[in-house]
Amino acid sequence: MKQFKKLLSLVITVITLTALVAGCGQKKDTKVLNVYNWGDYMDESVLKDFEKEYGIKVNYEVYDTNENMYTKVKNGGSNYDICIPSDYMITKMINEDMLEKIDFNNISSYKQIGDKFKNLAFDPKNEYSVPYMWGTFGIIYNSKMVKEPVDSWNILWDEKYKGEILMFNSLRDTISISLKRLGYSMNSTNPNEIEKAKQELVKQKPLVRAYVVDEVKDMMVQEEAALAVVWAGDAMTMMKRNPDLKYVIPKEGSNMWFDNIVIPKGSKHKKEAELFIDFLTRADIAKKNADYIGYSTPNTETYKMLDEDIKNSKTAYPDDEALKECEVFINLGNNIKLYDDAWTEIKAK
């Protein structure tokens, strides 16, 4: 019996110590915010500034495509409080009741967002999202390696550049390039048009060095390829690092995109999420992000603070002439399966 009492006492002591250690490791009143964002799409110092200013711990994860983000959020892989999807994906998430309505009384900086970035088709009543960045995608090329004029998507099918071409590892973006090159809409749901676009990408595949996302930046700067499809913000960063790189929006047109901040449905930290959105849309914080990632800001006050060479850049802020043939992606609904199937076949060849 004495030994049993000693054993019982030891067990109680271990349980008590374990509880104390667990309590020290996580304060019950610790405020947290779970952020899910594109890779390399926010200055990390912004996260530290937010944590310091508000005492809220930020858990930060990244994704590389809208589709991967959607799948994880849809399947409940994690309880995110902030995501930054693109236009067409915002429509899809709204339609599937995946987003919280934002209380704009808590977003005091929203008045600094330019009018042309509000009331857009993917969130016509400005209920679910706040603009973060915008831009285009096009072709970046090394002017030492490519001597001819670059003004068309056709150059990405030129056999003289075999093994020197980098394409997006993204089904929607890459198939849309092929569609636009053929004179079709980037939002086509015509099976015959998508089939033709697929066939052209299959023909092109032997010329492609790799299908890439974030790694394209280092590869082009280090001159591992002559041509690549990139987002304009990444082009700005690359051109700073290698002045031989140039960016163009092809004459056939391209994609004009908008990335907005949203709060996934069921967020356990909606108050903190709205505080973070307001923080991100402050002019000084938005400038820090714009300077770091190179993308175009929708914030009118931030734009005024930019260096003149950036404000005058046709890459970062293209004029209406450059944008006249560009399209904004729309949600394709069930027709996205046509793209999924085509992409599977392209990658399998």
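For reference, each letter of the sequence shown is one residue, going -21 to -1, 1 to 328 in mature numbering (1 follows the signal peptide of the UniProt record, and there is no 0). For each residue, glycine too, the CB sits at the ideal point set by N, CA and C.
Would you kindly report the start and end of the unbroken beta strand (DSSP E) that includes P110? Counted as a single uninterrupted DSSP element, the beta strand (DSSP E) harbouring P110 occupies residues V109 to N121.
Mapping the DSSP letters down to three states, classify K(-16) as helix, strand or coil. Only weak support exists for where K(-16) lies, its pLDDT of 36 falling under 50; the value from the coordinates is given anyway. Taken through DSSP and simplified to helix, strand or coil, K(-16) comes out as helix.
Between T216 and N148, is the Cβ-Cβ spacing less than 9 angstroms? Not in contact: T216 and N148 (Cβ atoms no closer than 9 angstroms).
Just to confirm, are L180 and T153 a CB contact at a threshold of 9 angstroms? Between L180 and T153, the gap from beta carbon to beta carbon is short of 9 angstroms.
Roughly how many angstroms lie between the CA atoms of K250 and W210, to the nearest whole one? So the two alpha carbons sit approximately 32 angstroms from each other.
Between which two residues does the beta strand (DSSP E) holding K36 run? Unbroken beta strand (DSSP E) run through K36: I35 to Y42.
List, from N- to C-terminal side, the beta strand (DSSP E) runs of 3 residues or more that fit wholly inside the stretch 137 to 162. 144 to 147, all fully within the stretch 137 to 162.
Can you tell me which residues form a DSSP beta bridge with P243? For P243, DSSP records a beta bridge to L78.
Straight-line Cα distance separating Y89 from N107: It should be noted that the sequence gives Tyr, not Asn, for residue 107. C-alpha separation (whole angstroms): 13 angstroms.
Give the range of the alpha helix (DSSP H) segment to which N45 is assigned. N45 -> alpha helix (DSSP H) spans N45 to K53.
Where does L311 sit, in a helix, a strand or coil, going by DSSP? If DSSP states are grouped into helix, strand and coil, L311 belongs with coil.
By how many angstroms is the C-alpha of F101 removed from the C-alpha of K326? Inter-residue distance for K326 and F101 is about 30 angstroms (C-alpha atoms, whole angstroms).
Smallest Cα separation from A295: which of G312, D270 and A189? When each option's Cα is compared against that of A295, the closest is D270.
What residue range is occupied by the uninterrupted alpha helix (DSSP H) comprising K95? Going by DSSP, K95 is part of no alpha helix (DSSP H) at all; its letter is neither H nor E.
In whole angstroms, give me the CA-to-CA distance for L317 and G18. Pairing L317 with G18, the inter-Cα distance amounts to about 27 angstroms.
Rounded separation between M21 and N268 - CA only: Their Cα atoms are separated by approximately 6 angstroms.
Let me confirm a value: Y59 is counted as buried when at least 16 other C-beta atoms fall within 10 Å, else exposed. Which label applies? With 16 or more Cβ atoms within 10 Å of its Cβ, Y59 is classed as buried.
What are the start and end residues of the alpha helix (DSSP H) that includes N16? No alpha helix (DSSP H) holds N16; the beta strand (DSSP E) holding it covers K10 to W17.
Please list, in chain order, all residues of the same chain as L26 whose beta carbon is under 7 angstroms from its beta carbon, the five residues on each side excluded. Within the same chain, L26 has close Cβ partners V37 and Y39.
If you draw a straight line from the C-alpha of L145 to the C-alpha of S122, how long is it? Straight-line measurement puts the Cα of S122 at about 16 angstroms from the Cα of L145.
Look at Y67 and F308 and say whether their C-beta atoms are less than 9 angstroms apart. Yes, Cβ-Cβ distance for Y67 and F308 is below 9 angstroms.
Buried or exposed: where does R220 fall if 16 or more other Cβ atoms within 10 Å of its Cβ makes it buried? Under this definition R220 is an exposed residue.
Cα-Cα separation between K71 and K126, rounded to whole angstroms: Distance between the alpha carbons of K71 and K126 is about 42 angstroms.
Using a 10 Å radius around the Cβ and a threshold of 16 neighbouring Cβ atoms, would you call E300 buried or exposed? That one is exposed.
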